[in-house]
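Visitor:
2 protein chains.
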Amino acid sequence: MLSQRQLDILTLVVQLHAATGEPVGSKTLMNAGINASSATIRNDLSFLEKEGFIEKPHTSAGRVPSVQGYRFYVDHLLKPSTVSNEELSSIRQSFNRNFTALNEIIEKSAQVLSDLTSYTAFSLGPEMNERKLTGFRVVPLNNQQLMAIIVTDRGNVESQVFTVPDDVSSGDIEKIIQIINDKLVGQPLITVYNKLRTEIPLILQRYFQTPRGIMDIFESILGNAFEERVYIGGQMNLLDVDLIPDVHQFKLVYSLMSNQNQVSSLIQTPKEGISIRIGEEIQNDLLANMSLITASYDVAEHGTGTIAILGPTNMAYSRMFGIVEAFRHELADYLADYYRLLDS
Amino acid sequence: MLSQRQLDILTLVVQLHAATGEPVGSKTLMNAGINASSATIRNDLSFLEKEGFIEKPHTSAGRVPSVQGYRFYVDHLLKPSTVSNEELSSIRQSFNRNFTALNEIIEKSAQVLSDLTSYTAFSLGPEMNERKLTGFRVVPLNNQQLMAIIVTDRGNVESQVFTVPDDVSSGDIEKIIQIINDKLVGQPLITVYNKLRTEIPLILQRYFQTPRGIMDIFESILGNAFEERVYIGGQMNLLDVDLIPDVHQFKLVYSLMSNQNQVSSLIQTPKEGISIRIGEEIQNDLLANMSLITASYDVAEHGTGTIAILGPTNMAYSRMFGIVEAFRHELADYLADYYRLLDS
DNA sequence: TATTAGCACTCGAAACGACCGAGTGCTAAT
DNA sequence: ATTAGCACTCGGTCGTTTCGAGTGCTAATA
Chain A
130 MLSQRQLDIL TLVVQLHAAT GEPVGSKTLM NAGINASSAT IRNDLSFLEK EGFIEKPHTS
190 AGRVPSVQGY RFYVDHLLKP STVSNEELSS IRQSFNRNFT ALNEIIEKSA QVLSDLTSYT
250 AFSLGPEMNE RKLTGFRVVP LNNQQLMAII VTDRGNVESQ VFTVPDDVSS GDIEKIIQII
310 NDKLVGQPLI TVYNKLRTEI PLILQRYFQT PRGIMDIFES ILGNAFEERV YIGGQMNLLD
370 VDLIPDVHQF KLVYSLMSNQ NQVSSLIQTP KEGISIRIGE EIQNDLLANM SLITASYDVA
430 EHGTGTIAIL GPTNMAYSRM FGIVEAFRHE LADYLADYYR LLDS
Chain B
130 MLSQRQLDIL TLVVQLHAAT GEPVGSKTLM NAGINASSAT IRNDLSFLEK EGFIEKPHTS
190 AGRVPSVQGY RFYVDHLLKP STVSNEELSS IRQSFNRNFT ALNEIIEKSA QVLSDLTSYT
250 AFSLGPEMNE RKLTGFRVVP LNNQQLMAII VTDRGNVESQ VFTVPDDVSS GDIEKIIQII
310 NDKLVGQPLI TVYNKLRTEI PLILQRYFQT PRGIMDIFES ILGNAFEERV YIGGQMNLLD
370 VDLIPDVHQF KLVYSLMSNQ NQVSSLIQTP KEGISIRIGE EIQNDLLANM SLITASYDVA
430 EHGTGTIAIL GPTNMAYSRM FGIVEAFRHE LADYLADYYR LLDS
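Protein chains in written order, with the numbering used here: chain A, 130 to 473; chain B, 130 to 473.
See the structure below:
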């Protein structure tokens, strides 16, 4: 369908446009290594345009890749650049501090990934839904306040301070803790979440007249732990990209990113490995001129996590692909170590 | 010095400029209620300019208040607008949820204040430095992880999960906890912080060969609790203000606000009550075209806290002053209640 | 003496237009 | 199939003009 030269031209259009941000013209392509006259290149350009791979912003400008063009490039022409050893070791180094809870590692990873790419990065830890509630503690802090601590499967910890309502005695609390330990600890979180709305209130009714107040508290705590949390790094990097035409849109994007649910569904990826979505493929009007690279990673029997970066449509795909690819492996390795340590 | 009409004119210039953002001309002032011809007003304007209260962006524009003009307005002309009952009750309502730890109340207050003013808001809880360490708990989570919980004076809680180094046995941990409980609980935080670097290591040396690793952990945890934390709400509101000329400056301001130390010293206020700093008075080049309203509030014997808002120099001072004034009292009352509850 | 009407003047913002040049499409020659 | 040549397009830049809000000054007025 496309001649080799046409493939070369498309590749260069994508890469030069990524490098300069400008539309690419026939002479530029000639100088960039296409072995043909500018006229010939123009013919090819015109062909590529007819086929929908590139388009021109206006008559007398150069060409710019279309979404379809990017798609084709990403699917067939992209050669992931290998990550330099220095970068690799800088990734490792940034994970090298002795982190504490899993959440903090995940949070840090979003930070590092965004620094590395200078775009906005997302990080979601290994699948939460398969996790079990492995520990539940309530620690008295003073007369009126308690701290509830929830430990899930491995390493993930949520805590919340709460004030005891007037009508609840410390004996009541004891009983509730015992019930929770009996009935909930060791169960998958999803079960916990369900029982909390069905079975537990029934049991509590046997002991208390009005279990509602205290139940609300525990429900909110456990609910917190249940929610998966996507960490975001480098949100301000979006401001550098000239793709945010006005401040208003930036605020919209920012508030989009403040909403866990929306972010969650944004970086949801259907398939294994790395997926690249370009412009309108993201199916979100706000992000129409951006691209999203999503990658999943497996941590042995501990489920799979997700990382992602969001940048301009004309990002340097091969470099970004390389970074994301390297990063997902590093993170998976690091987490495998982390779990191994916990198990030892 | 200034005639009554000149005072009126200055007031109107400030207020109209706040309302429209445009320089104010003589005709506008005439229509806005100054009882004199535009020529007369021009004379007064020219006088006010000579005295340094107003200035003109360029020859054929209207006048704009100078910093000195704002200063005079704020010091002598400003009538704080009273806050409507609805607003007052909406403030109260937003505090009405059953909050848990003090930090969360303070965080929420920054949020509410920024919503109310549509500027950026800061909130610092009642003086931390006078606080004492009243509780210290270490809770085992699993084989390798512990959670340390620190409770200060009243209601303030910090927690941190950490992984136990290989060379530390659970007996060691027990001993350390005991030492901390003996030597540190009940002391003011500042003492804790100091002892942690002097006395405690000496004691530990008696028991362990290499106390360093474990000490690092505790030091970082306690250090965390020691740090005062200013909460910020509505940072994105700065983007609405047309005062941020370019995205670059916004990023600078944003990173300024990401630095606890800088924010802390920013909202440091010398005097009691409400203080208004205008433009260059803030002594920060980045904020040269903004104003900062800082207010302190007392919570009986629990120290004093600070709230602040940061907005454009031409903000509606009387309204903002009113809001901040109302807010500091509401917050003080609410916290007084909160502490009363804890003491009961 | 304070106020006001009148008028010439200033200067930024917006509208206009000429020009430039990168880039195109097409045609005819190789 | 490729290329040289050329007329054409159109956004961006830059200087000019126009417009109008606002000023300062002067002379008349209360």
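Yeah, the Cβ is synthetic: ideal placement off N, Cα and C, and Gly gets one too.
Counting Cβ pairs closer than 8 Å, one from the region 457-467 of chain A and one from the region 148-159 of chain B, do we hit at least three?
Guide: Result no; under three Cβ-Cβ pairs closer than 8 Å.
Visitor: Give me, in chain order, the residues of the same chain whose beta-carbon lies closer than 8 Å to that of B/Lys185; leave out the 5 immediate sequence neighbours on both sides.
Guide: Locating residue 185 of chain B in the second sequence gives position 56, counting from the first residue. Correct list, in chain order: Pro152, Glu178, Gly191, Arg192 and Val193.
Visitor: Which value, in whole angstroms, describes the spacing of the CA atoms of A/Ser252 and A/Leu381?
Guide: The residue labelled residue 252 of chain A in the question sits at position 123 within the first sequence. The residue labelled residue 381 of chain A in the question sits at position 252 within the first sequence. One C-alpha to the other measures close to 21 Å.
Visitor: When burial is assigned at 16 or more other CB atoms within 10 Å of the CB, is B/Asp173 buried or exposed?
Guide: Translated into positions along the second sequence, residue 173 of chain B becomes position 44. Classification for B/Asp173: buried.
Visitor: Under 7 Å between the Cβ atoms of B/Thr249 and B/Gln364?
Guide: For the purposes of this step, residue 249 of chain B is taken as residue 120 along the second sequence, with counting starting at 1. For the purposes of this step, residue 364 of chain B is taken as residue 235 along the second sequence, with counting starting at 1. The answer is yes: Cβ separation under 7 Å.
Visitor: Do A/Leu206 and A/Thr140 have their CB atoms nearer than 7 Å?
Guide: On the first sequence, residue 206 of chain A is found 77 positions in, with the first residue counted as 1. On the first sequence, residue 140 of chain A is found 11 positions in, with the first residue counted as 1. A contact, by the Cβ cut-off of 7 Å.
Visitor: Just verifying my parser: in three-state terms, what is the DSSP assignment at B/Thr435?
Guide: For this step, residue 435 of chain B is matched to residue 306 along the second sequence. Correct three-state label for B/Thr435: strand.
Visitor: Going by alpha carbons, who is nearest to B/Lys400 out of B/Ser425, B/Ala277 and B/Val392?
Guide: Here residue 400 of chain B refers to the residue found at position 271 of the second sequence. Taking only the C-alpha atoms, the option nearest B/Lys400 is B/Ser425.
Visitor: Determine the DSSP secondary structure at A/Met444, reduced to helix, strand or coil.
Guide: Your numbering for residue 444 of chain A matches position 315 in the first sequence. Looking at A/Met444 - three-state DSSP - the assignment turns out to be coil, as it is neither helix nor strand.
Visitor: Start and end of the beta strand (DSSP E) containing A/Ala277?
Guide: Here residue 277 of chain A refers to the residue found at position 148 when the first sequence is read from its first residue. Counting along the chain, the beta strand (DSSP E) containing A/Ala277 begins and ends at Gln274 to Thr281.
Visitor: May I ask you to list, following chain order, the residues of the region 266-291 of chain A that have a beta carbon less than 8 Å from some beta carbon of chain B?
Guide: So the list reads Arg266, Val268, Leu270, Asn271, Asn272, Gln273, Gln274, Met276, Ile278, Val280, Arg283, Gly284, Val286, Ser288, Gln289, Val290 and Phe291, given in the order they occur along the chain.
Visitor: Closer than 7 Å between beta carbons: that is the criterion. Which residues of the region 312-335 of chain A meet it against chain B?
Guide: Cβ contacts with chain B come from no residue of the region 312-335 of chain A.
Visitor: Does the distance from the C-beta atom of A/Gln289 to that of A/Ile329 stay below 7 Å?
Guide: Position 160 of the first sequence, counting from 1, holds the residue named residue 289 of chain A. Position 200 of the first sequence, counting from 1, holds the residue named residue 329 of chain A. Contact flag unset, no.
Visitor: In angstroms, rounded to a whole number, what distance separates the CA positions of A/Val392 and B/Asp345?
Guide: Numbered from its first residue, the first sequence carries residue 392 of chain A at position 263. Numbered from its first residue, the second sequence carries residue 345 of chain B at position 216. For A/Val392 and B/Asp345, the distance between alpha carbons rounds to 36 Å.
Visitor: Rounded to whole angstroms, what is the Cα-Cα separation between B/Arg221 and B/Asp462?
Guide: Walking along the second sequence from the start, residue 221 of chain B turns up at place 92. Walking along the second sequence from the start, residue 462 of chain B turns up at place 333. If you take the alpha carbons of B/Arg221 and B/Asp462, they lie about 10 Å apart.
Visitor: Measuring CB to CB, does A/Leu318 end up less than 7 Å from A/Arg266?
Guide: Taking the first sequence and counting its residues from 1, the one referred to as residue 318 of chain A is at position 189. Taking the first sequence and counting its residues from 1, the one referred to as residue 266 of chain A is at position 137. Not closer than 7 Å, so no.
Visitor: List, in order along the chain, the chain A residues whose C-beta lies closer than 8 Å to that of B/Gly264?
Guide: What you label residue 264 of chain B is simply residue 135 of the second sequence in a count that begins at 1. By Cβ distance, chain A contributes Leu270 and Asn271.
Visitor: How big is the Cα-Cα spacing for B/Ile403 and B/Leu242?
Guide: For the purposes of this step, residue 403 of chain B is identified with residue 274 of the second sequence, where counting begins at 1. For the purposes of this step, residue 242 of chain B is identified with residue 113 of the second sequence, where counting begins at 1. Rounded to the nearest angstrom, the two C-alpha atoms are 15 Å apart.
Visitor: With distance defined between alpha-carbon atoms, name the residue in A/Gly315, A/Asp414, A/Leu416 and A/Tyr336 nearest to A/Ile279.
Guide: Against the first sequence, residue 279 of chain A aligns to sequence position 150. It is A/Gly315 whose Cα lies nearest to the Cα of A/Ile279.
Visitor: So which residues of chain A does B/Ala230 contact, with C-beta pairs closer than 7 Å?
Guide: As a first step, residue 230 of chain B is located in the second sequence; it is residue number 101 there, counting from the start. Simply Val290.
Visitor: When you compare only the Cα positions, how much space is there between A/Ala417 and A/Arg406?
Guide: Position 288 of the first sequence holds residue 417 of chain A. Position 277 of the first sequence holds residue 406 of chain A. Between A/Ala417 and A/Arg406, the C-alpha separation is close to 11 Å.
Visitor: Taking all protein chains shown into account, decide if B/Leu245 is buried (16 or more other Cβ within 10 angstroms of its Cβ) or exposed.
Guide: Along the second sequence, read from residue 1 onward, the residue named residue 245 of chain B stands at position 116. B/Leu245 should be labelled buried.
Visitor: Express the C-alpha separation of B/Leu270 and A/Glu236 in angstroms, rounding to a whole number.
Guide: For the purposes of this step, residue 236 of chain A is taken as residue 107 along the first sequence, with counting starting at 1. For the purposes of this step, residue 270 of chain B is taken as residue 141 along the second sequence, with counting starting at 1. The alpha-carbon atoms of A/Glu236 and B/Leu270 are separated by roughly 21 Å.
Visitor: Please list, in chain order, the chain A residues whose beta carbon lies closer than 8 Å to that of B/Phe379.
Guide: Here residue 379 of chain B is taken as the residue at index 250 of the second sequence, counted from 1. Those are Leu368, listed as they occur along chain A.
Visitor: Nearest chain A C-beta to B/Leu416 closer than 7 Å, yes or no?
Guide: The residue given as residue 416 of chain B occupies position 287 in the second sequence. Judged by the 7 Å Cβ criterion, B/Leu416 is not in contact with chain A.
Visitor: Three or more beta-carbon pairs under 8 Å between the region 445-460 of chain B and the region 199-216 of chain B, yes or no?
Guide: The answer is yes - the region 199-216 of chain B touches the region 445-460 of chain B, with three or more Cβ pairs under 8 Å.
Visitor: For A/Ala147, report the span of its beta strand (DSSP E) as first-last.
Guide: Walking along the first sequence from the start, residue 147 of chain A turns up at place 18. Element bounds for A/Ala147: not the beta strand (DSSP E) but the alpha helix (DSSP H), Gln133 to Thr149.
Visitor: Would a check of beta-carbon distances place A/Tyr383 closer than 7 Å to chain B?
Guide: Here residue 383 of chain A corresponds to residue number 254 of the first sequence, with the count starting at 1. So, interface residue.
Visitor: By the criterion of Cβ-Cβ separation under 9 Å, what are the contact partners of A/Met449 in chain B?
Guide: Looking up residue 449 of chain A in the first sequence gives position 320. Here the premise fails: no neighbours, minimum Cβ distance about 22 Å.
Visitor: Starting from A/Phe265, trace the alpha helix (DSSP H) both ways and give me its first and last residue.
Guide: As a first step, residue 265 of chain A is located in the first sequence; it is residue number 136 there, counting from the start. A/Phe265 -> not in any alpha helix (DSSP H); beta strand (DSSP E) instead, spanning Leu262 to Pro269.
Visitor: Counting along the chain, where does the alpha helix (DSSP H) carrying B/Asn323 start and finish?
Guide: Numbered from its first residue, the second sequence carries residue 323 of chain B at position 194. That run of the alpha helix (DSSP H) goes Leu318 to Lys324.
Visitor: Note down, in chain order, every chain B residue with its Cβ under 7 Å from the Cβ of A/Met365.
Guide: Locating residue 365 of chain A in the first sequence gives position 236, where the first residue counts as 1. By Cβ distance, chain B contributes Lys380 and Tyr383.
Visitor: Could one say the Cβ of B/Leu471 lies closer than 7 Å to chain A's Cβ atoms, at least one of them?
Guide: Here residue 471 of chain B is taken as the residue at index 342 of the second sequence, counted from 1. Yes, contact with chain A.
Visitor: Kindly list, in the order they appear in chain B, the residues whose Cβ is closer than 7 Å to that of A/Val297.
Guide: On the first sequence, position 168 is the one that residue 297 of chain A refers to. Within 7 Å Cβ-Cβ: nothing; A/Val297 doesn't reach chain B, min ~13 Å.
Visitor: Based on Cα-Cα distance, which residue from A/Asp137, A/Ser167, A/Leu421 and A/Thr149 lies nearest to A/Val408?
Guide: By 1-based counting over the first sequence, the position of residue 408 of chain A is 279. In the sequence under discussion, the amino acid at residue 408 of chain A is Gly, which differs from the Val named in the question. Checking every option, the nearest Cα to that of A/Gly408 belongs to A/Leu421.
Visitor: At what residues does the beta strand (DSSP E) containing B/Glu287 begin and finish?
Guide: Translated into the one-based positions of the second sequence, residue 287 of chain B becomes position 158. That run of the beta strand (DSSP E) goes Asn285 to Thr292.
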